[in-house]
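A short write-up of the structure that comes next.
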Amino acid sequence: MPSVTTRLRSRLQALWKTVHRAEKNGMLGNHSAITEEFLRKNKIRLVPHTFDRPDNKPTYSSCDPPILFAPLSQSAIDDYPIDADELIDPDTAECDIDFIEYSPPKDVDNIYETRWRPNKCTEFLFSYLENWVFGGFPRKNIGKCAWALSDLSGITRVSIPHGLYLGKGISKTTGFPNKKWNAAVYEYRSEDDATQYPHVILLSRQSDMGHDGSMMHGELMQLITAMRNRAYQPMKGINEDDAAEEDIQDAQGPEFLFKDEQRFPVLMVSLVGPQHTRIYYACMDGQDVVIRQSPLYSLEKKDTTTLDYLASFLSSKRLEEVKKMELS
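In our numbering, the protein residues as written are 26 to 353.
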């Protein structure tokens with residue numbers, strides 16, 4: 026009889042194919058939103074969620090299903106403020122930390138034909154937030170072994186080739202301009218050069234308008250792809266030819282890096298139009314996929330509080346599930 030993880034792996038592979046074909050099968054609404062019917066038929070539970078920053082980690086791990094990431098505290102972020110003096114260009118005396126506020130002309134007929142189109146605004150936000158969290162903007166008091174907030178939690182960027190990039194889904198760079206997406210992928214460094222962790226963090230950007238209470242095709246595709254790719258990540262490394270493969274053969278358990286995992290947790294900060302953001306947390310709950318979704322937060326104007334809030338989640342500490350699951 027197949028193990029629990031083997032069944033989850035097959036479930037994620039089948040779901041990945043279904044989500045990939047959602048647009049072709051007419052299952053998308055306006056602005057590439059996934060329909061409620063699609064979610065229901067495919068046992069995906071989209072749950073509104075307020076991602077607080079609790080003082081104690083058990084608050085998250087005790088959720089059902091558990092959230093296996095603990096956001097960095099605001100006090101930890103405050104200990105390492107951005108060093109704006111280091112960003113002054115000596116030739117122009119201008120600061121390289123300038124934020125582009127969203128201010129399209131009021132008489133625009135089609136925002137998608139202007140510099141304020143969603144894919145350009147999320148491209149800027151992506152770069153800015155990446156610098157804010159992952160080391161582009163220098164911070165005061167960072168020690169010799171850390172360059173960025175993400176280093177405080179042992180987070181590292183995943184580069185190609187890697188099992189997390191198997192097949193399509195993390196990015197879509199062809200097609201209509203408002204139907205593209207991309208993401209940077211992060212994981213936790215091994216503490217002993219042997220133990221690997223299933224947790225995945227995504228910094229994602231979409232190229233269309235986001236709306237509260239709905240989920241875009243690109244967002245769902247990225248979450249399911251990250252979970253599916255983690256489930257199928259081989260014990261040994263892969264090459265670029267392997268990474269291009271779409272169909273994955275279900276090998277024997279010992280060949281997989283996470284042969285006993287039952288959650289495949291993914292945390293994602295998604296950047297959407299016009300110049301907004303939201304947080305997702307996805308994991309398996311038996312054969313169901315549970316996706317927690319925050320409200321939209323505006324970054325049409327620079328808001329250090331919101332930037333730090335997002336940074337705390339992108340720099341989360343990983344959590345282990347407290348109680349062993351009992352799944353049939």
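Just so it is clear, CB atoms sit at the ideal spot from N, CA and C, and this is done for glycine as well.
Can you grab the Cα-Cα spacing for the pair residue i / residue j, in whole Å?
| i | j | result |
| --- | --- | --- |
| A251 | S100 | 31 angstroms |
| V314 | F76 | 18 angstroms |
| I185 | E345 | 27 angstroms |
| Y127 | K326 | 6 angstroms |
| R303 | R70 | 17 angstroms |
| S178 | I102 | 12 angstroms |
| N166 | M240 | 39 angstroms |
| V29 | K66 | 22 angstroms |
| H301 | E216 | 35 angstroms |
| R288 | L227 | 16 angstroms |
| N55 | D104 | 43 angstroms |
| E61 | S196 | 23 angstroms |
| P335 | K49 | The question names Pro, yet the displayed sequence has Leu at residue 335. Going by the C-alpha atoms only, they are around 33 angstroms apart. |
| E244 | K131 | 29 angstroms |
| W157 | D333 | 8 angstroms |
| G160 | T43 | 37 angstroms |
| S98 | L53 | 37 angstroms |
| L37 | T199 | 24 angstroms |
Quick check on residue i: does DSSP put it in helix, strand or coil?
| i | result |
| --- | --- |
| H236 | coil |
| M260 | coil |
| F281 | strand |
| Y137 | helix |
| Q231 | strand |
| Q318 | strand |
| F149 | helix |
| K357 | Beyond the ends of the chain as shown, which are 26 and 353, falls residue 357; an answer cannot be given. |
| N67 | coil |
| D104 | coil |
| H187 | coil |
| G311 | coil |
| P143 | helix |
| A208 | strand |
Using C-beta distances below 8 angstroms, list every residue in its chain close to residue i, excluding the 5 sequence neighbours before and after it, in chain order.
| i | result |
| --- | --- |
| K68 | Q312, D313, V314 |
| P202 | Y137, R142, N144, S232 |
| V133 | T139, W141 |
Say whether chain C places a C-beta atom closer than 7 angstroms to the C-beta of residue i.
| i | result |
| --- | --- |
| M260 | Given the protein chain composition of this structure (a single chain), no chain C is represented. |
Might you give, ordered along the chain, the residues of its own chain that have their beta carbon closer than 6 angstroms to the beta carbon of residue i, omitting 5 neighbours on each side?
| i | result |
| --- | --- |
| R230 | T147, F151, N207, L296 |
| L33 | M309 |
Can you give me the Cβ contacts of residue i inside the same chain, cut-off strictly under 7 angstroms, excluding the 5 residues immediately before and after it?
| i | result |
| --- | --- |
| L248 | V291, M293, Y305, A307, I316 |
| R343 | L93, F94, Y213, Y222, H224 |
| F149 | I125 |
| P106 | R164, K165 |
| P259 | G188, E280, F281, L282 |
Contact defined as beta carbons within less than 8 angstroms: I believe residue i pairs with residue j. What is the distance between those atoms, to the nearest angstrom?
| i | j | result |
| --- | --- | --- |
| Y213 | Y222 | 5 angstroms |
| N254 | G298 | So it is not a contact: roughly 27 angstroms between Cβ atoms. |
| S2 | H74 | Shown here, the chain extends from 26 to 353; a query on residue 2 therefore has no answer. |
| P96 | F283 | That pair is no contact at about 24 angstroms. |
| S57 | K204 | 6 angstroms |
Quiz item: For the 8 angstroms Cβ check, are there 3 or more pairs between the region 232 to 245 and the region 171 to 185?
Solution: Verdict: no, contact absent.
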